[in-house]
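Everything on this sheet refers to the single structure shown next.
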Amino acid sequence: MPPEQASPTVRRLKLGQELRQLRERRGLTGARAAKELGWSPSKVSRIEAAKTKPSHDDVQAFAKLYKCDDQKLDELLGLVVDAYQRGWWEDYEGTLPGGYTRLLGLEAEATSQQNWEPQVVPGLLQTEDYAREVILASRGIVRITHSGVRSRVEARLDRQQRVLHRADPCILHIILDESALMRRFGEPSVMRAQMEHLIQLSVLPHVSVQVLPLESLHPVNTGAFIHLKFAAFDDVVYLEQLYNPRFVEDLEMVAGYETAFDHIRAEALDENESRVLIQRKAMMWGR
Numbered sequence: 001m002p003p004e005q006a007s008p009t010v011r012r013l014k015l016g017q018e019l020r021q022l023r024e025r026r027g028l029t030g031a032r033a034a035k036e037l038g039w040s041p042s043k044v045s046r047i048e049a050a051k052t053k054p055s056h057d058d059v060q061a062f063a064k065l066y067k068c069d070d071q072k073l074d075e076l077l078g079l080v081v082d083a084y085q086r087g088w089w090e091d092y093e094g095t096l097p098g099g100y101t102r103l104l105g106l107e108a109e110a111t112s113q114q115n116w117e118p119q120v121v122p123g124l125l126q127t128e129d130y131a132r133e134v135i136l137a138s139r140g141i142v143r144i145t146h147s148g149v150r151s152r153v154e155a156r157l158d159r160q161q162r163v164l165h166r167a168d169p170c171i172l173h174i175i176l177d178e179s180a181l182m183r184r185f186g187e188p189s190v191m192r193a194q195m196e197h198l199i200q201l202s203v204l205p206h207v208s209v210q211v212l213p214l215e216s217l218h219p220v221n222t223g224a225f226i227h228l229k230f231a232a233f234d235d236v237v238y239l240e241q242l243y244n245p246r247f248v249e250d251l252e253m254v255a256g257y258e259t260a261f262d263h264i265r266a267e268a269l270d271e272n273e274s275r276v277l278i279q280r281k282a283m284m285w286g287r
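If you use the UniProt record's numbering, the sequence shown closes out at 287, no skipped numbers anywhere.
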């Protein structure tokens, strides 16, 4: 895979974070900054929350108000340029939920992920056939056309290539509940192939797969989550839900999810034991 460009999603968030910190250092509220700039308070709020892309003129106005030097202004304008770039995931935007595309944008620049999954094999580790069956399973609830299913599968496989096989791969630490290995999607042959694929990926140097066995104490009663870590940006936690996924950015709450993951990891089998269990499940699904 060629080197990835800077993620526009991360750059928008980074820009908003920088502008908020500059405002706070000047002792200004969002409402006061908006008044000084002649804007509505919602415009300042939306730019800082990365819900609106600011123009070059907007950023220059911020920089003048906050008395930034030329070096800082150049840094901010560089973030603006990156924020307007097109991410690979935008090719699939018509068929993917909005929150999910934001996850892909964040993931493009994450240095590591901690993923707890109690129900299904995570998307990054799914085979094409298993991914298709997982997506089809939701069609009775969420409307997805045949072409939409195909597009979602393609996006999932594209995501795997860009995260697992990029030149500077993201470090993945994934913990599965044992029940996720036993819940059938598609024919038994699909499940067996998925188990074998899990084992193959688990030996990659940047991928760690552990299983929480059913007989273990379940230390945390929580649904699936992905904790994304970055080199120069605050951590973010992604919570997948039926319709609109949620992102947790409050630092105290993010720290709570990290603690939760550590508790689950302490009860899970180690990597070698987990591979043995996954192999037994593959045999259970037959040939």
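We put the CB at the ideal spot given by N, CA and C, even for glycine.
All values derive from a computational prediction rather than experimental measurement.
| query | result |
| --- | --- |
| Residue 14 burial status per 10 Å Cβ neighbour count (16 or more: buried) | buried |
| The stretch 118-126 / the stretch 174-186 touching (three or more Cβ pairs under 8 Å) | yes |
| Nearest-angstrom beta carbon gap, residue 198 and residue 268 [assumed within contact, 8 Å] | Incorrect: roughly 14 Å between the Cβ atoms, too far for contact. |
| Under the three-state DSSP convention, the category residue 113 falls into | strand |
| Unbroken stretches of the beta strand (DSSP E), 3 residues or longer, contained in the UniProt domain "HTH cro/C1-type" (19-73) | none |
| Bridge partners - residue 229, DSSP secondary structure assignment | 112 |
| Of the residues 109, 78, 43, 54, the one placed nearest residue 7, counting alpha carbons only | 109 |
| Cα-Cα separation, residue 99 to residue 281 | 33 Å |
| Buried versus exposed, by CB contacts within 10 Å (16 or more), residue 137 | exposed |
| Contact set for residue 54: own chain, Cβ-Cβ below 6 Å, skip 5 residues either direction | 47 |
| C-alpha gap between residue 273 and residue 233, whole angstroms | 34 Å |
| Beta-ladder partner(s) of residue 210, from DSSP | 175 |
| Rounded straight-line distance, which links the Cα of residue 131 to that of residue 193 | 12 Å |
| Straight-line Cα distance separating residue 34 from residue 23 | 11 Å |
| 9 Å Cβ cutoff met for residue 261 and residue 141 | no |
| Exposure label - residue 81; buried when at least 16 CB within 10 Å | exposed |
| Any alpha helix (DSSP H) of 4 or more consecutive residues that is wholly inside the stretch 136-208 | 146-164, 188-202 |
| Simplified DSSP assignment, three categories, for residue 239 | strand |
| Integer-rounded CB distance, given that residue 237 should sit under 8 Å from residue 220 | Actually they are not in contact, since the Cβ atoms of residue 220 and residue 237 sit about 13 Å apart, beyond 8 Å. |
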